[in-house]
Structures are given as structure tokens and as C-alpha cells.
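Next up, the structure:
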């Protein structure tokens, strides 16, 4: 059963001289709090919050980590919002189908990225869409011509992995392409959901 441990990525964030994630947007108190969740499937996840909403969720070996960015983070494992997120993640990694709408999410991004991330939240558990199909959905919503490449860029900047399911977006023909947590992690998440590709 998945549980939580101290350390992992969150410890890397808060230790003196440690690496920090890119583009953390403060939304509430001005303080970013972090905690670690052990998935039991894909290693640790680090959750970040302003104290009220989940703003980020990173993989342990996320390619979006930037060692040159120095930020101040406060480790706080007992925030109510983290308790809610842990329950959600425990259910997800136990093979349940929790609704992301149950979580207070604090997504912050450009208008285009917000549309793309909103569309990611509409992809059902165990289903996949291609970047081209996602571009068509975004185009239908915005009324503006949208390329798969542009959508791919927005997907790649998704700040809340797993919960906002960017792992459900695949390449043409069912290929597994670019993913912040690595292709193996993407494959494991899709296998957990019983997703069919191609």
C-alpha cells in the first residue's frame, strides 16, 4: 500500500543549497509548502501548495527540475490540503478512479496553457488521446487554429503531474513520447489504468 515518507524530493528542495523546481507560482500566503508522497509504483512525488490549493506535483526525477533556481520552501506535512491530496493519490495508486475535481487545484498559467490543462482534466481514466486529437479539442474550444506542437508544449509545462493527467496524451500511432517523469513512468501510469493505445 502506498504511504508517505519524509525525505525524497521534498528534502532536496528544502535543504541548504538544494535544487529547486522551475516556475513556482505563489498564489496565496506567499509561502510555498512542500511534502512528499511515496507512490509505491513510480517512486516519490513532491506536492507543493500555497496552504490552500495544490499548485505543483513533481516526479522524483522530473526533467523540469532546475538546479540553478533558488527558492525558499517550507516543509509542512500536516497541511489539510496535503491530507486531501494524499487520500486522492492513495486511491489512484490503489487502482481506483478518483475525480480530480475533488481536489483544490491552483493551476496558474497563460490562457492557452490553462485551456490545454483544462482539456487534460477531461480525458477519462484509462483512456488516451493523441496530441493531434487534443489540439482539435483545444481548437474547438477556442475557435483558433491550434497545432499539435503548440499543445505539446503546454502539456510539457503541466505543473501538477498525475492529478492533471498529461500521461494520457500519446503520440500518433500509440507511441509514448516526451514526458517529464520519463517514458517508463508514463508507461507504468497507463498500465495502472489499463489504458489501451494505438
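In the numbering used here, the protein residues as written are 3 to 200. For each residue, glycine too, the CB sits at the ideal point set by N, CA and C.
Review point. So, do the stretch 84-95 and the stretch 42-55 have three or more beta carbon pairs nearer to each other than 8 Å?
Key: yes
Review point. Is residue 163 helix, strand or coil when you go by DSSP?
Key: For the purposes of this step, residue 163 is taken as the residue at position 161 of the chain shown. Residue 163 falls in the coil class under three-state DSSP.
Check your understanding: So what's residue 29 in DSSP terms, helix, strand or just coil?
Key -> Translated into the one-based positions of the chain shown, residue 29 becomes position 27. With a pLDDT of only 43 at residue 29, under 50, the local geometry of the prediction cannot be trusted, and the value read off the model is given with reservation. The answer is coil: DSSP assigns residue 29 none of H, G, I, E or B.
**Study point:** Length of the line joining the Cα atoms of residue 78 and residue 112
**Key:** What you label residue 78 is simply residue 76 of the chain shown in a count that begins at 1. What you label residue 112 is simply residue 110 of the chain shown in a count that begins at 1. C-alpha separation (whole angstroms): 29 Å.
Point to revise | residue 116 to residue 144 span [Cα, whole Å] | key: Here residue 116 corresponds to residue number 114 of the chain shown, with the count starting at 1. Here residue 144 corresponds to residue number 142 of the chain shown, with the count starting at 1. Between residue 116 and residue 144, the C-alpha separation is close to 11 Å.
Check your understanding: Would DSSP call residue 169 helix, strand or coil?
Key -> For the purposes of this step, residue 169 is taken as the residue at position 167 of the chain shown. Three-state result, residue 169: helix.
Review point. If you run the structure through DSSP and keep just helix, strand and coil, what is residue 177?
Key: Position 175 of the chain shown, counted from the first residue, corresponds to residue 177. In the structure shown, residue 177 sits in coil (DSSP, three-state: anything other than H, G, I, E or B).
Check your understanding: With 16 other CB atoms within 10 Å as the buried threshold, where does residue 121 fall?
Key -> Numbered from its first residue, the chain shown carries residue 121 at position 119. So residue 121 counts as buried.
Check your understanding: Taking the alpha-carbon positions, what's the residue 25 to residue 157 distance?
Key -> Counting from 1 along the chain shown, the entry for residue 25 is found at position 23. Counting from 1 along the chain shown, the entry for residue 157 is found at position 155. Bear in mind that a pLDDT of 38 at residue 25, under 50, signals an unreliable position, so the model cannot answer this.
Review point. What are the partner residues of residue 77, as DSSP defines its beta bridges?
Key: Position 75 of the chain shown, counting from 1, holds the residue named residue 77. Bridge partners of residue 77: 36.
Practice item. Kindly list the residues whose CB is nearer than 8 Å to the CB of residue 106, restricted to its own chain and excluding five residues on each side of it in sequence; keep chain order. Key: The residue you call residue 106 lines up with position 104 of the chain shown. Once the five neighbours on either side are set aside, the close Cβ partners of residue 106 are 54, 55, 56, 83 and 86.
Review point. How close, in whole Å, do the beta carbons of residue 133 and residue 195 come, if the pair is a contact with beta carbons under 8 Å?
Key: Your numbering for residue 133 matches position 131 in the chain shown. Your numbering for residue 195 matches position 193 in the chain shown. With 8 Å as the limit, residue 133 and residue 195 do not qualify as a contact, their Cβ atoms being about 19 Å apart.
Review point. Going along the chain, which residues of its own chain have a beta-carbon closer than 7 Å to the beta-carbon of residue 189, five neighbours each way excluded?
Key: Counting from one through the chain shown, the residue named residue 189 turns up at place 187. For residue 189, where only same-chain residues beyond five positions count, the Cβ hits under 7 Å are 178.
Review point. Does DSSP put residue 132 in a helix, in a strand, or in coil?
Key: Taking the chain shown and counting its residues from 1, one reaches residue 132 at position 130. Residue 132: strand per DSSP, three-state reduction.
Exercise for review: Return yes when the Cβ of residue 102 is within less than 9 Å of the Cβ of residue 167, no when it is not.
Suggested key: Residue 167 sits at position 165 when you count from the first residue of the chain shown. Residue 102 sits at position 100 when you count from the first residue of the chain shown. A contact, by the Cβ cut-off of 9 Å.
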